[in-house]
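Engineer:
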Amino acid sequence: MGSDNLYQAIPSVDRLLAEPGCEDLLALYSRASVVEALRIAQAWLRTSIEQGGDLPPRIPEGARAVFSPGVLLSRAASHLDTLARPSLAPVINATGVIGHTNLGRAPLALRALQAMDRVSRGYCNLEYDLDQGHRGSRFSHLDNLFSRFFPGTACLVVNNNAAAVYLVLSALARGREVILSRGELIEIGGSFRIPDVMVQSAAILREVGTTNRTHLRDYEQAITPDTGLLMKAHTSNYVIQGFTASVSASELVPLARSRNVPLYEDLGSGALVDLRPHGLAQGPNVAEALSGGVDLLSFSGDKLLGGPQAGIILGRPDLVAQLRKHPMARALRPDKLTIAALEATLQIYGSHDPWTEIPVLEMIARPLSQLESRARDLTATLGSLALVESARVARTQARVGGGALPGEVLESAALGLRVKGSLDAIEQALRGARPPVVARVEDDELLFDLRTVGPDQDGILANTLTDLLSR
Ligand SMILES: *Cc1c(COP(=O)(O)O)cnc(C)c1O
Numbered sequence: 003m004g005s006d007n008l009y010q011a012i013p014s015v016d017r018l019l020a021e022p023g024c025e026d027l028l029a030l031y032s033r034a035s036v037v038e039a040l041r042i043a044q045a046w047l048r049t050s051i052e053q054g055g056d057l058p059p060r061i062p063e064g065a066r067a068v069f070s071p072g073v074l075l076s077r078a079a080s081h082l083d084t085l086a087r088p089s090l091a092p093v094i095n096a097t098g099v100i101g102h103t104n105l106g107r108a109p110l111a112l113r114a115l116q117a118m119d120r121v122s123r124g125y126c127n128l129e130y131d132l133d134q135g136h137r138g139s140r141f142s143h144l145d146n147l148f149s150r151f152f153p154g155t156a157c158l159v160v161n162n163n164a165a166a167v168y169l170v171l172s173a174l175a176r177g178r179e180v181i182l183s184r185g186e187l188i189e190i191g192g193s194f195r196i197p198d199v200m201v202q203s204a205a206i207l208r209e210v211g212t213t214n215r216t217h218l219r220d221y222e223q224a225i226t227p228d229t230g231l232l233m234k235a236h237t238s239n240y241v242i243q244g245f246t247a248s249v250s251a252s253e254l255v256p257l258a259r260s261r262n263v264p265l266y267e268d269l270g271s272g273a274l275v276d277l278r279p280h281g282l283a284q285g286p287n288v289a290e291a292l293s294g295g296v297d298l299l300s301f302s303g304d305k306l307l308g309g310p311q312a313g314i315i316l317g318r319p320d321l322v323a324q325l326r327k328h329p330m331a332r333a334l335r336p337d338k339l340t341i342a343a344l345e346a347t348l349q350i351y352g353s354h355d356p357w358t359e360i361p362v363l364e365m366i367a368r369p370l371s372q373l374e375s376r377a378r379d380l381t382a383t384l385g386s387l388a389l390v391e392s393a394r395v396a397r398t399q400a401r402v403g404g405g406a407l408p409g410e411v412l413e414s415a416a417l418g419l420r421v422k423g424s425l426d427a428i429e430q431a432l433r434g435a436r437p438p439v440v441a442r443v444e445d446d447e448l449l450f451d452l453r454t455v456g457p458d459q460d461g462i463l464a465n466t467l468t469d470l471l472s473r
């Protein structure tokens, strides 16, 4: 057959739309997008004819033959599926790092999800005073967020803790000196560096002490009439060990008071609960920091608090009022979804059980014996698959992560798999699965740490691995 005839054997769009298999596509997508995808499939076939590529089979139709409509339909379907696949999608986190910064940090509590749903399906009173019937302030929703836990402190919420640090420095120390220990010139996640944020905020960094040792007298001697702020920054992602000395925020309080300079602490991750019963260090605790007497502190909403991404600033009402008036406050302010999720998360701390309802805390609290028994069940299910060399219950060390409690580990359990064939290929296939699974590889063994995998995800994990390792 000549190539002219081949072009004529391409079924028309109308012909393809009438194909029974097309109904499924029309049920999922608009008619216009299905037509577009069918045209793209036709164009692909034309190119194949032109370039003498592989062609689908032809089937007789009346006196002539047409290319199989099914092949074109499935091509269109996969095109539509690719377009519809969201770039941001759920992932199974089998790394054992609870607040994994690359995997979205804190999963939200059910109550937080419900609260976002409630306020965003329709209108809400974000900036409307229902008592007075006129314009209100979105900040009013923040006034009582923390007052239940810390009476007398004011609160401001911004987009994240990086924004909080910037706002505090810019509002309270623009053109003035900020005294900070050399041991606390932190960098987080590659692009957030305190000295650089300082430059952007137009505050002047006044470093004191040395990398490993800073004393109270270092701060004392550095205070001048130009000092705008004393600052402490939590070393969230490293520990300094050996011959060290530092001055805690509470030890700085008398100095700050006597010289009339506000004291600000960047807590990084702020916890509202005591983590010690679960084998972790106390870490940066909000109540402890406030009772120590700092004037202002900030922390992330999505680290140990277990809420939405946010930067929470708590402290002296007069200072918070200054922050609220800053010209950048609007640029950094949270949206209604964040406020709703944060309020609902704090409601759990106040009126319910955070250790069962807040996913970050629930994962920290999972008993090791439960993780081991789930891992045992998985080894039994997967151990005999064709491509599995060996399956075992591995003892692992999970971490809080996300720039919280560096050096602290939680004893954990994982499904450990050795596979036949290429480990890299399997690991890559896991990342390509739906949902993708992100695991750890140690000493040629795949480790699926169950502290960060929900018990309700064990079945999905088992099915994904069965698909990949059965061949
Ligand atoms: C994590 C962290 C930040 C940045 O907080 P984000 O909420 O990620 O913006 C700032 N300072 C410290 C000490 C941190 O640990």
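Read in order, the letters of the sequence shown correspond to residues 3 to 473 in my numbering. Note that the Cβ used here is the ideal one computed from N, Cα and C, for glycine as well. Source: prediction; values computed, not measured.
Just checking my contact of R397 with L412 at CB under 8 Å: how many whole Å lie between their CB atoms?
Structural biologist: With a Cβ gap of about 12 Å, R397 and L412 do not count as contacting.
Engineer: Assuming T216 and S183 are in contact, meaning their beta carbons sit under 8 Å apart, how far apart are those beta carbons, in whole angstroms?
Structural biologist: Right, the Cβ-Cβ distance comes to about 4 Å (below 8 Å), so this counts as a contact.
Engineer: Between the C-alpha atoms of A45 and A435, what's the straight-line distance to the nearest angstrom?
Structural biologist: Using only the alpha carbons, I get a separation of about 29 Å.
Engineer: On the three-pair Cβ rule with 8 Å, is the region 317 to 336 touching the region 111 to 131?
Structural biologist: No, because fewer than three Cβ pairs between the region 317 to 336 and the region 111 to 131 fall closer than 8 Å, the two stretches do not touch.
Engineer: Below 6 Å CB to CB, which residues in the same chain sit around A78 once its five sequence neighbours on both sides are set aside?
Structural biologist: Excluding sequence neighbours, A78 sits near A39, L40 and A43.
Engineer: Compute the distance between the beta-carbons of A165 and G313, then report whether it is under 8 Å.
Structural biologist: Contact flag set, yes.
Engineer: Looking at the structure shown, is L174 part of a helix, part of a strand, or coil, going by DSSP?
Structural biologist: Helix, per DSSP.
Engineer: Under 5 Å, CB to any heavy atom of ligand 1. Which residues pass, going along the chain?
Structural biologist: The set, ordered by position in the chain, is N162, N163, A164, I190, H236, S238, D268, G270, S302 and G405.
Engineer: Just mark E63 as buried or exposed, buried being the case when its beta carbon has 16 or more other beta carbons within 10 Å.
Structural biologist: Answer is exposed; the Cβ neighbour count stays below 16.
Engineer: Rank A251, G72 and L282 by C-alpha distance to the C-alpha of A291 and give the top, closest one.
Structural biologist: Nearest of A251, G72 and L282 to A291, Cα basis: A251.
Engineer: Specify the secondary structure class of G313 as computed by DSSP and reduced to three states.
Structural biologist: In the structure shown, G313 sits in a strand (DSSP, three-state: E or B).
Engineer: Here's a check: name, in chain order, each residue in its chain whose Cβ is nearer than 8 Å to the Cβ of A283, leaving out the five neighbours to either side.
Structural biologist: The answer, listed in chain order, is L277, L407 and E410.
Engineer: In three-state terms, what does DSSP make of E474?
Structural biologist: One cannot answer for residue 474 here, as it falls past the ends of the chain, which runs 3 to 473.
Engineer: Under 8 Å between the Cβ atoms of T347 and A111?
Structural biologist: Yes, the Cβ-Cβ distance between T347 and A111 is below 8 Å.
Engineer: Going by other Cβ atoms of all chains shown within 10 Å of its Cβ, with 16 needed for buried, is F301 buried or exposed?
Structural biologist: F301 is buried by the Cβ-count criterion.
Engineer: List the DSSP bridge partners of L229.
Structural biologist: Note that residue 229 corresponds to Thr in the displayed sequence, not to Leu. For T229, which the question treats as bridged, DSSP gives the partners E179.
Engineer: Could you tell me the alpha carbon to alpha carbon distance between P438 and L105, rounded to whole angstroms?
Structural biologist: Rounded to the nearest angstrom, the two C-alpha atoms are 11 Å apart.
Engineer: What number of angstroms, rounded off, separates the C-alpha of H102 from the C-alpha of L169?
Structural biologist: Approximately 25 Å, taken between the alpha carbons.
Engineer: Decide if the region 69 to 87 is in contact with the region 364 to 381; the criterion is three or more beta carbon pairs, one per stretch, under 8 Å apart.
Structural biologist: Cβ pair count under 8 Å is below three, so no.
Engineer: For a quick check, are the C-beta atoms of A415 and L452 less than 8 Å apart?
Structural biologist: In contact: A415 and L452 (Cβ atoms closer than 8 Å).
Engineer: Should G1 go down as buried or exposed, given a rule of 16 or more other Cβ atoms within 10 Å for buried?
Structural biologist: For residue 1 there is no data in the structure shown, the boundaries of the chain being 3 and 473.
Engineer: Report yes if the CB atom of L147 is closer than 8 Å to the CB atom of E345, and no otherwise.
Structural biologist: Contact: yes.
Engineer: Please report the Cβ distance between G309 and A117, rounded to the nearest whole angstrom; I am assuming they are in contact, meaning their Cβ atoms lie under 8 Å.
Structural biologist: That belief does not hold up - the Cβ atoms of G309 and A117 are roughly 11 Å apart, past 8 Å.
Engineer: To the nearest angstrom, how far is the alpha carbon of G320 from that of T84?
Structural biologist: First, the residue type needs correcting, since residue 320 is Asp and not Gly in the sequence shown. Going by the C-alpha atoms only, they are around 53 Å apart.
Engineer: Would DSSP call Q494 helix, strand or coil?
Structural biologist: The chain is shown from 3 up to 473; residue 494 falls before or after that span and cannot be answered.
Engineer: By the three-class DSSP mapping on this structure, what secondary structure does K234 have?
Structural biologist: Strand at K234.
Engineer: By the DSSP assignment, the alpha helix (DSSP H) with G461 in it spans what residues?
Structural biologist: D460 to L471 is the span of the alpha helix (DSSP H), which, as asked, contains G461.
Engineer: Please classify L82 as buried or exposed, where buried requires at least 16 other C-beta atoms within 10 Å of its C-beta.
Structural biologist: With 16 or more Cβ atoms within 10 Å of its Cβ, L82 is classed as buried.
Engineer: Output the distance between the C-alpha atoms of V201 and I190, rounded to the nearest integer angstrom.
Structural biologist: Near 16 Å, if we compare the C-alpha coordinates of I190 and V201.
Engineer: Can you name, in chain order, every residue of its own chain whose Cβ lies under 6 Å from the Cβ of Y266, other than the five neighbours on each side?
Structural biologist: Closer than 6 Å at the Cβ level, and outside the excluded window around Y266, lie V170, L231, M233 and L298.
Engineer: Only counting the same chain, and skipping five residues up and downstream in sequence, which positions put a Cβ closer than 8 Å to that of V487?
Structural biologist: No answer is possible for residue 487: the residues shown for the chain start at 3 and end at 473.
Engineer: Could you tell me the distance, in whole angstroms, from the CA atom of S2 to the CA atom of N163?
Structural biologist: Since the first and last residues shown for the chain are 3 and 473, residue 2 lies out of range.
Engineer: State the DSSP-derived secondary structure class of N239, mapped to helix, strand or coil.
Structural biologist: Note: N239 maps to coil in three-state DSSP.
Engineer: Could you tell me the alpha carbon to alpha carbon distance between P13 and L30, rounded to whole angstroms?
Structural biologist: Answer to the nearest angstrom: the Cα atoms are 22 Å apart.
Engineer: Apart from the five residues just before and just after R318, which ones in its own chain have a Cβ nearer than 6 Å to its Cβ?
Structural biologist: Closer than 6 Å at the Cβ level, and outside the excluded window around R318, lie D297.
Engineer: Is it right to say Y498 is buried, meaning 16 or more other beta carbons lie within 10 angstroms of its own, or is it exposed?
Structural biologist: Residue 498 lies beyond the stretch modelled for the chain, which goes from 3 to 473, so this question has no answer here.
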